[in-house]
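Contents: one structure, followed by commentary.
2 protein chains.
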Amino acid sequence: MAIQKPTLPKGTRDFGPLDLQKRKSIIKNIEDVFKKYGFMPLETPAMENLSTLEGKYGEEGDKLLYRILNSGNFLQSYKDSTDYTNAIDNIEGKDIVKYIAEKGLRYDLTVPFARYVVMNRSQLVFPFKRYQIQPVWRADRPQKGRYREFWQCDADIVGSESLINELDLISIYHDVFTQLKINYELRVNNRKILAGIAEVVKSIDYITTIAVAIDKLDKIGEEGVRKELAESAFTESELNTLFEIIKSKGNNQFILENLKDKLKTSETGTKGVEELSFLLQNIENCNRATNNAVNLKLDFSLARGLSYYTGCIFEVTALDSSLMSSIGGGGRYDNLTENFGLPNVSGVGISFGLDRIYDVMEELNLFSASIRTTQSKILCCFFDEKSQEYCLPAVTKLRAVGIAAEIYPDVNRKKAIVKQLDYANALQIPFAAIAGENEINQNVFTLKNLLTGEQNTLKLDDIIQMLKE
Amino acid sequence: MAIQKPTLPKGTRDFGPLDLQKRKSIIKNIEDVFKKYGFMPLETPAMENLSTLEGKYGEEGDKLLYRILNSGNFLQSYKDSTDYTNAIDNIEGKDIVKYIAEKGLRYDLTVPFARYVVMNRSQLVFPFKRYQIQPVWRADRPQKGRYREFWQCDADIVGSESLINELDLISIYHDVFTQLKINYELRVNNRKILAGIAEVVKSIDYITTIAVAIDKLDKIGEEGVRKELAESAFTESELNTLFEIIKSKGNNQFILENLKDKLKTSETGTKGVEELSFLLQNIENCNRATNNAVNLKLDFSLARGLSYYTGCIFEVTALDSSLMSSIGGGGRYDNLTENFGLPNVSGVGISFGLDRIYDVMEELNLFSASIRTTQSKILCCFFDEKSQEYCLPAVTKLRAVGIAAEIYPDVNRKKAIVKQLDYANALQIPFAAIAGENEINQNVFTLKNLLTGEQNTLKLDDIIQMLKE
């Protein structure tokens, strides 16, 4: 076989020791919080039937699905089909794809979760609170912060319409980002408020038009949004009413009172205001009880692919970072499992974008300095066969009491110790235990602190005692 | 969209809360031991370029690779190729696969590791000790204990020829299986001994013939192996010599002395005996130092796809299980990174089969009874809006001090408490805190132990105190 220079597929990454330990530290944080709130873990296969995935993510999503070629002579089932045309010139990929690929890679964690709930509904206890932390794959154009393999960390509750679930999810965001020391902003909106706005401004039929337009407020500004909506026959006066509502300023209480008044003619809108009021009031009560500072920012322009959500909508951004895109989001939906034959199951969920959180923490230098490439606390160094024989049981003893320890495996008799200490320094192993002729005779080790250079002669038991502290 | 009954791709599984917690308990055990021995984590992408994967697992392996269909109009690059034939009738899948699929799913953890080492060699500190715990995918026929998505847990050291690495790996097997309470047998052989046997019995040219035949000893018995080798022109006397060596009985010391004598005319064989002697002697020394009982079973018929290994060969089976296949294995190899342009890097590694270990532990009932579907310790129950308002800050306080707590989100005024206690019982949540009119007035909760039925009236702080203990 010819020698090849290996590469990685575009948009994918290896995670080496240090990167991975940092990622794991984020995951552990999120997972511990999920558990503290009573969420239970779920993992689904990387491969799903395409019948499960297709049609769930819109036309654009279908294009971004990774499809897996059937095994064996995959062309045969096309040849056997009624669509069969013998000349390849007359065929395009999309004409034969359904015959040659039955499976695809997981595109998000929500659809597999819905499939799981439907398949296991008779065994599950509802409300069912699950979390799921797994990679997903999208054939998107890779760019800074956007990968073809990336991780999602989701928590959802299905089978309950209570706003207490929204409260829990908001509190989860707070706990996670506070522990990670990320200064965040959690923006909240409600589909019912968007509906109310549409009703009051023009008519409920315009909810999508309005939502799509105002969702771009950040990017194209008020002028841009006005221009776009003017093209959809919005009058100057309608647009003024709209911006009066969504640009309302003040504290949350004031903004909400104002909104309540503006939407009083809309039943749906009033319901939306009540839902947000419930959240704000209870957050305040709980903050008071625990000296927490959970905080929401009302943002009536937030839509997040409206068609999906039916109630609250969340989005989180990191405040001090140059990364503008969201590091989390979610909301309430009522039709998640309907596609799979289980209608009327209400759910609400949030997602953490692991890769973006990682990027933010790297940028802001938020990872604990104690995260090292290796956990090893001590390297046992030896010169020759005799000290090797002396060191091997020692390293076994260290490990037996739970201390991460290594013995350098190879001995170059000339520069043995230099090489071994180089290894320890490169991996930031804090201590080296050295055993030469003298040490062996006295049944001790020379313990070198590689940070300070300090050396002491110690018995193994004393080294164990010291490292365990 | 028509309603569909969702299914999972054949050979794949969902892991629900209880299964997954059990699997995570195994992984945590393995990972903690890996770390204790100085191994560092690595994760590689699910997708690799097919050029990285193909040709590395033999012809059979190439067939079992999952290939990912290129995005867009994937047929075009075939149409543009010199292999192009317009009539589909004249084409089979294998003729066009290289034009329509560039990427494949990870088939094992070893080849991606080799690729990683080659791509990152200038940054890595050698010897490089990495562990990797990830799923792999094979388009194999699914059967009991064999899945199309399954997990491997690998630890490898590259860049060191020292047998101390083999000692570490043997000790890792011991630590993991002892902690998991799996009664295991670790069989060990050495490629050099197999070479020596071939030399002594007939000639080194027959090493593969012999290895392939005696590897089947378990399945086809001595008679079967004799018959197979007789067909390769082995004489009765040669076969007698062979079986005298591989069937040698007694303690390890005796067997090895015997082997040493038998292989004395083979330089390679003698080297193999020395290597095993080194392992046995040092294991004995370390056992003595720590009261461990690490044990090897010499098995000169063990080959494990010989072509791969160049030194020690390991295989682990669970002794009390009906599962006959191995739950772990590995060995030393010298040519792992050669395919990717980096020759002369010696490595040694082991793998744990997570799915099989899980099956063994389920069969033998070895999982800790403390593994539950949820971590929640307490459910706060309420009757109406007033008690909800009383309970919400309480559950926030419980979580703030790190106690996994839930509040049941929905209230059916008629049978509120029954439904909530049903939920707690179904999820084995051990305590329920109930707050009615009286409790609220006295600023207490009725705490119900759901295991014993015992009830007490307690202040929240006392509940916290009790649950933290």
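Protein chains in written order, with the numbering used here: chain A, 157 to 625; chain B, 157 to 625. Glycine included, every Cβ here is placed at the ideal spot set by N, Cα and C.
Applying a beta-carbon distance threshold of less than 9 Å, which residues of chain A neighbour residue i?
i: GLU305 (chain B); result: PRO201, ALA202, MET203
i: VAL170 (chain B); result: This sequence places Asp at residue 170 (chain B); Val is not what is there. By Cβ distance, chain A contributes LEU198, GLU199, THR200, PRO201, PRO268, ARG271, TYR272, MET275, ASN276.
i: ASN500 (chain B); result: None at all; the shortest Cβ gap to chain A is about 13 Å.
i: ASN627 (chain B); result: Residue coverage of chain B in this structure runs from 157 to 625, which leaves residue 627 (chain B) outside it and unanswerable.
Cβ closer than 9 Å: which chain B residues qualify as neighbours of residue i?
i: VAL274 (chain A); result: LYS161, PRO162
i: ARG297 (chain A); result: Ordered by position in chain B, no residue passes the 9 Å Cβ test against ARG297 (chain A), which lies about 10 Å from the chain.
Could you give the C-beta distance for residue i and residue j, rounded to a whole number, given that I count them as a contact under 8 Å?
i: ILE244 (chain A); j: LYS235 (chain B); result: 6 Å
i: LEU342 (chain B); j: TYR362 (chain B); result: Going by Cβ atoms, the distance from LEU342 (chain B) to TYR362 (chain B) rounds to 28 Å, so no, they are not a contact pair.
i: GLY145 (chain A); j: LYS161 (chain B); result: Because residue 145 (chain A) is not part of the residues shown, which for chain A are 157 to 625, the question remains open.
i: THR426 (chain B); j: LYS418 (chain B); result: Not really, about 10 Å apart at Cβ, beyond 8 Å.
i: GLU317 (chain B); j: SER502 (chain B); result: 5 Å
i: ARG304 (chain A); j: THR168 (chain A); result: 6 Å
i: LEU479 (chain A); j: GLY301 (chain A); result: 6 Å
i: THR466 (chain A); j: ARG488 (chain A); result: 6 Å
i: GLY485 (chain B); j: ARG460 (chain B); result: 6 Å
i: SER543 (chain A); j: GLY509 (chain A); result: Contact doesn't hold; Cβ gap of about 51 Å is too wide.
i: PRO165 (chain B); j: LYS348 (chain A); result: About 39 Å; that fails the 8 Å criterion.
Going along chain A in order, which residues have a C-beta closer than 7 Å to the C-beta of residue i?
i: VAL281 (chain B); result: TYR579, ALA582, LEU583
i: ALA243 (chain B); result: ASN242, ALA243
i: MET196 (chain B); result: PRO173, THR529, THR530
i: GLU248 (chain B); result: ASN229, LEU231
Would you say the beta carbon of residue i comes nearer than 7 Å to a heavy atom of the ligand ATP?
i: ASP251 (chain A); result: The model on display carries no ligand, and the ligand ATP is accordingly not part of it.
So what does residue i bridge to, in DSSP terms?
i: SER507 (chain B); result: B:ASP310, B:GLY485
i: ILE534 (chain A); result: A:ALA561, A:PHE587
i: LEU225 (chain B); result: B:ALA257
i: ASN205 (chain B); result: B:LYS259
i: CYS468 (chain B); result: B:ASN346
i: VAL501 (chain B); result: B:ASN491
i: MET196 (chain A); result: A:ARG286
i: GLN299 (chain B); result: B:ARG302
i: GLN611 (chain A); result: A:LYS604
i: LEU454 (chain A); result: A:VAL344
i: PHE269 (chain A); result: For PHE269 (chain A), which the question treats as bridged, DSSP gives no partner whatsoever.
i: ALA474 (chain A); result: A:TYR340
i: ALA243 (chain B); result: A:ALA243
i: PRO291 (chain B); result: B:TRP307
Show which residues of chain B have a CB atom less than 8 Å away from the CB atom of residue i.
i: SER316 (chain A); result: PRO565, ASP566
i: PRO165 (chain A); result: PRO201, MET203, GLU204, ASN205, GLU258, LYS259
i: ARG223 (chain A); result: ILE224, LEU225
By the criterion of Cβ-Cβ separation under 7 Å, what are the contact partners of residue i in chain B?
i: LYS178 (chain A); result: The premise fails here: LYS178 (chain A) is roughly 11 Å from chain B at the closest Cβ pair, so nothing lies under 7 Å.
i: ASN321 (chain A); result: PRO565
i: THR208 (chain A); result: PRO162
Check whether the Cβ of residue i lies closer than 8 Å to any Cβ atom in chain D.
i: LYS420 (chain B); result: No chain D is part of this structure, whose protein chains are labelled A and B.
Whose Cβ in chain A lies nearer than 8 Å to the Cβ of residue i?
i: LYS192 (chain B); result: GLN531, ARG555, GLY558, ILE559, ALA560, ALA561
i: LYS235 (chain B); result: ILE244, ASP245
Given a limit of 8 Å on CB to CB distance, which residues of the stretch 328-362 of chain B reach chain A? Cβ contacts with chain A: ASP331.
Decide if the stretch 579-586 of chain B is in contact with the stretch 542-557 of chain B; the criterion is three or more beta carbon pairs, one per stretch, under 8 Å apart. The stretch 579-586 of chain B vs the stretch 542-557 of chain B: no contact.
Quick check: the stretch 594-609 of chain B against the stretch 558-566 of chain B, are there 3 or more CB pairs under 8 Å? Fewer than three beta-carbon pairs drawn from the stretch 594-609 of chain B and the stretch 558-566 of chain B are found closer than 8 Å, and the two stretches are therefore not classed as touching.
Quick one, which residues of the stretch 543-563 of chain B are near chain A if we go by CB-CB under 8 Å, in chain order? Answer in chain order: GLN544, GLU545, LEU548, PRO549, ALA550, THR552, LYS553, ARG555, ALA556, GLY558, ILE559, ALA560, ALA561, GLU562, ILE563.
Quick check: the stretch 501-518 of chain A against the stretch 315-332 of chain A, are at least 3 beta-carbon pairs closer than 8 Å? Touching, yes.
Would you list, in chain order, the members of the stretch 424-448 of chain B that have their beta-carbon closer than 8 Å to a beta-carbon of chain A? Cβ contacts with chain A come from ASN438, ASN441, CYS442, ARG444, ALA445, THR446, ASN448.
Interfacial residues, the stretch 480-500 of chain B to chain A, with Cβ spacing under 7 Å: Contact residues of the stretch 480-500 of chain B toward chain A are ASN495, PHE496, GLY497 (C-beta to C-beta distance below 7 Å).
Count the C-beta pairs between the stretch 221-237 of chain B and the stretch 187-198 of chain B that are closer than 8 Å, then say yes if the count reaches three, no if not. Because the criterion of three Cβ pairs below 8 Å is not met, the stretch 221-237 of chain B and the stretch 187-198 of chain B do not touch.
Would you call the stretch 210-217 of chain B and the stretch 262-275 of chain A touching, i.e. three or more CB-CB distances under 8 Å? A contact between stretches requires three or more CB pairs, one per stretch, nearer than 8 Å, and the stretch 210-217 of chain B fails this requirement with the stretch 262-275 of chain A.
Check whether the stretch 526-534 of chain B and the stretch 273-288 of chain B touch, using three or more Cβ-Cβ pairs below 8 Å as the test. Inter-segment contact for the stretch 526-534 of chain B and the stretch 273-288 of chain B is absent: fewer than three beta-carbon pairs are separated by less than 8 Å.
When Cβ atoms are compared, which residues of the stretch 581-606 of chain A fall closer than 9 Å to chain B? Within the stretch 581-606 of chain A, the residues whose Cβ lies closer than 9 Å to some Cβ of chain B are ALA582, LEU583, ILE585, listed in chain order.
Touch test, the stretch 376-394 of chain A against the stretch 430-443 of chain A, Cβ-Cβ under 8 Å, three pairs minimum: Between the stretch 376-394 of chain A and the stretch 430-443 of chain A, the count of Cβ pairs shorter than 8 Å is below three; the stretches do not touch.
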